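Going by my numbering, the first residue of the sequence shown is number 35, and it counts up by one from there. Every residue gets a Cβ at the ideal spot worked out from N, C-alpha and C, and that includes glycine. Fair warning: this is a prediction, and the values are worked out from it, not measured in the lab. Here's the structure, in structure tokens; my notes come after.
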Amino acid sequence: MEQQTLSELDKRVSQNLAKIKNRILIFSGKGGVGKSTVAANLALALSEKGMQVGLLDVDIHGPNLAKMLGVENERMGISENYLLPVRVTENLKLVSMAFLLESPDLPVIWRGPMKMKAIQQFLGDVKWGELDWLVVDSPPGTGDEPLSIAQLIPATAAIIVTTPQEVSLLDSKKAVLFARKLNLKILGIIENMSEFICPYCGKRIDLFKKGGGERAAKELGVPFLGRIPIDPRIVESGDSGEPFILNQPDSEATKAFNNIVERIINQLKKD
Ligand SMILES: Nc1ncnc2c1ncn2[C@@H]1O[C@H](COP(=O)(O)OP(=O)(O)OP(=O)(O)O)[C@@H](O)[C@H]1O
Ligand SMILES: [Mg+2]
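So this is what it looks like as structure tokens:
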């Protein structure tokens, strides 16, 4: 890619953003709560409704959406000086650092300003085209990457993913305060890994307790978007690169993802 001044890149970022109707940033107070799983499946659920969806993995150190969605061996093409996103399904495109790495096993060591530039290029140098939604998956915590995105993409809405334990309350609180500080519109909290439904007998077991996400939402005065049960097939799908909601359309977890999508659409309609 040829050298360009920052203001040129800024211009390309805003030209691209003007073609994107809704932007959602998925983040959490801590790691491993299922952000990438939620980002991938919400993006898929939106695209299955016939809308054009872009999914951006800004987890520069541990990008795993490409693997989760079975496109890790693809690479982004180049057209007229723009990078082309990788197509996952007819209506879903993905951009990830994983597509630019020589080997997925090598750690990426970046300094702050370089990370910011890389994220800016994902927004300005990629030919996203007309999108109804851009779903952004962030790395764990309330660090540089979500901060850069919030600064680079104006009018972004935020979804906070948490697990149901009481101890997660503190992390959700941190995430909500972070979103408020950055003036992000908080769409709400999703409680992931909420209860386990036994695949043999259908009994519901609260492995990590239940309700922490809903209580956190109430306490913090933000909407509760819903709970996604623990389903071992989510782990299998992620590991084998088979998009979960497409493969398990009748599962409780898929229904939960679809209900959450409806809530998100309704909430944005209210504005
Ligand atoms: N509802 C669920 N049921 C079963 N397994 C799940 C569920 N949600 C996520 N997982 C599994 O938990 C692990 C962590 O999920 P994921 O990678 O989405 O979390 P993350 O918050 O993005 O992690 P990181 O902070 O490292 O980016 C994955 O193996 C994923 O398959
Ligand atoms: Mg992740």
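**Prompt:** Could you check where the beta strand (DSSP E) with A191 kicks off and where it finishes?
**Reply:** Membership of A191 in the beta strand (DSSP E) is indicated by the continuous run 191 to 196.
**Prompt:** Which residues have a Cβ closer than 5 Å to any heavy atom of ligand 2, listed in chain order?
**Reply:** Per the CB criterion, closer than 5 Å to any heavy atom of ligand 2, the qualifying residues run in chain order as K69, S70.
**Prompt:** Less than 8 Å separating the beta-carbons of G246 and P198?
**Reply:** Less than 8 Å divides the Cβ of G246 from the Cβ of P198.
**Message:** According to DSSP, K219 sits in a beta bridge with which residue or residues?
**Reply:** DSSP lists A191 as partners of K219.
**Request:** Starting from L165, follow its DSSP beta bridges and name the residues at the other end.
**Result:** Answer by DSSP bridge pairing, in chain order: I54.
**Asked** Is the number of C-beta pairs between the region 188 to 196 and the region 101 to 121 that are closer than 8 Å three or more?
**Response** Counting C-beta pairs with one atom in each stretch, the region 188 to 196 and the region 101 to 121 have fewer than three that are closer than 8 Å, which means they do not touch.
**Prompt:** Which one or two residues does DSSP pair with E248 in a beta bridge?
**Reply:** Residue pairing by DSSP places E248 opposite no residue, since no beta bridge is assigned to it.
**Whole-angstrom distance between S41 and N75, CA atom to CA atom** = So the two alpha carbons sit approximately 35 Å from each other.
**Message:** Quick check on M85: does DSSP put it in helix, strand or coil?
**Reply:** Coil at M85, not helix or strand.
**Prompt:** Going by alpha carbons, who is nearest to E270 out of T71, K244, S48?
**Reply:** The shortest Cα separation from E270 among T71, K244, S48 belongs to T71.
**Message:** Using the three-state DSSP reduction, which class does K127 fall into: helix, strand or coil?
**Reply:** In this structure, K127 counts as strand in the three-state DSSP scheme.
**Request:** Return yes when the C-beta of P174 is under 7 Å from any heavy atom of ligand 1, and no when it is not.
**Result:** Checking the 7 Å criterion, the Cβ of P174 is within range of a heavy atom belonging to ligand 1.
**Item:** Host beta strand (DSSP E) of P263 (start-end)
**Value:** Taken as a continuous stretch (DSSP letters only), the beta strand (DSSP E) holding P263 covers 258 to 264.
**Prompt:** Nearest CA to the CA of M227: which residue from A290, S274, D273, V295?
**Reply:** Nearest option by C-alpha distance: A290.
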